[in-house]
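Participant: Quick one: structure below, then a few questions.
Residue numbers (the working numbering): 3 to 252.
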């Protein structure tokens, strides 16, 4: 038996083994997701046999979606397949903003929010991003309790998180490589997302406080602008005086 035939046989066995393992995981995933959908009365959609299903519906106060996601790798030569959980919050924020980790950072940067905020929180990773139209409002909103909940998601191994909001939409999303192929895993992750969403919801009267923070920051910006103008005028005056002095020198 030639060496090439042995290599071919080994590769064939490895490929068949991988396909069987992949199919086994997919079937377990479909069973777990269907059971979860039935338990929480969610819509279950499975278009093709070899495709991951999709779930959508309402759990408690939140609209929830669970589906497969694909992201380009950094070199754009292939895609990374992940499981995504999205939770739509009911709160409407007074400004637009985003908090993101991992592969979601690029999406966050594309939003072109003008002010970045660096939370002084012990578990905050400097590689992550938090940005908004107004950093003072974001700083007011990101309490230690909320930062603890968000970093708890962002610190999950190989997971990507994005929390994005604007005046008409507030969304929390987590993408992870785990296929969530058991009911226990899926239930655990959805509960973690829902608990985080509850913490992120605005409390009674908080929207008013955030709007006040926005108004206060606007006044600060006006004062800074006036100070900058006054400083610029003073420097221009000094330059004119210096030029005049040089002209008078013999």
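Beta carbons are placed, not taken as given, at the ideal position from N, Cα and C, and that holds for glycine.
Could you tell me which residues DSSP pairs with residue 71 in its beta bridges?
Facilitator: Answer is 84.
Participant: Name the DSSP bridge partner or partners of residue 61?
Facilitator: 64.
Participant: Near residue 93, which residues of its chain fall below 6 angstroms by C-beta distance, leaving aside the five closest residues on each side in sequence?
Facilitator: Counting only Cβ-Cβ distances below 6 angstroms, and skipping sequence neighbours, we find 172, 203, 204.
Participant: For residue 91 and residue 126, which I take to be in contact (beta-carbon distance under 8 angstroms), what is that distance rounded to the nearest angstrom?
Facilitator: Actually they do not touch by this definition, with Cβ atoms about 21 angstroms apart.
Participant: Residue range of the alpha helix (DSSP H) that residue 143 falls in?
Facilitator: First-last of the alpha helix (DSSP H) with residue 143: 137-143.
Participant: Which residue comes first and which comes last in the alpha helix (DSSP H) that contains residue 153?
Facilitator: It spans 146-156 - the alpha helix (DSSP H) in which residue 153 sits, taken as one unbroken run.
Participant: How about residue 156 and residue 87: are their beta carbons less than 8 angstroms apart?
Facilitator: Cβ distance not < 8 angstroms, so residue 156 and residue 87 don't count as in contact.
Participant: Considering only the alpha carbon of each residue, which of 144, 216, 187 lies closest to residue 201?
Facilitator: It is 144.
Participant: Where do the ends of the alpha helix (DSSP H) carrying residue 200 lie?
Facilitator: Note, residue 200: alpha helix (DSSP H), 185-202.
Participant: Under a Cβ-count criterion, where at least 16 other Cβ atoms within 10 Å of its own Cβ denotes burial, should residue 60 be classed as buried or exposed?
Facilitator: Counting Cβ neighbours within 10 Å, residue 60 comes out exposed, since fewer than 16 surround it.
Participant: Do residue 253 and residue 191 have their C-beta atoms closer together than 8 angstroms?
Facilitator: With the chain covering only 3 through 252, there is no way to say anything about residue 253.
Participant: Just checking: is the beta-carbon of residue 55 within a distance shorter than 8 angstroms of some beta-carbon in chain D?
Facilitator: Protein chain content of the structure displayed is limited to a single chain, and chain D is not contained in it.
Participant: If contacts are defined as beta-carbon pairs under 8 angstroms, then residue 65 and residue 73 qualify, I think. What distance do you get, rounded to the angstrom?
Facilitator: The Cβ separation is near 23 angstroms, so there is no contact.
Participant: What does the alpha-carbon distance come out to for the pair residue 30 and residue 135?
Facilitator: C-alpha separation (whole angstroms): 44 angstroms.
Participant: Below 8 angstroms between beta carbons: does that hold for residue 158 and residue 85?
Facilitator: Not closer than 8 angstroms, so no.
Participant: Beta carbon of residue 57, beta carbon of residue 45: below 8 angstroms?
Facilitator: For residue 57 and residue 45, yes; Cβs fall inside 8 angstroms.
Participant: Would you give the residue range spanned by the beta strand (DSSP E) that residue 104 belongs to?
Facilitator: Here residue 104 belongs to no beta strand (DSSP E), and DSSP marks it neither H nor E.
Participant: Return the CA-CA distance between residue 213 and residue 96, expressed in angstroms with no decimal places.
Facilitator: The alpha-carbon atoms of residue 213 and residue 96 are separated by roughly 6 angstroms.
Participant: Can you tell me where the beta strand (DSSP E) with residue 162 in it begins and where it stops?
Facilitator: Where residue 162 is concerned, the enclosing beta strand (DSSP E) stretches over 162-168.
Participant: Helix, strand or coil for residue 216? Go by DSSP, reduced to three states.
Facilitator: Looking at residue 216 - three-state DSSP - the assignment turns out to be helix.
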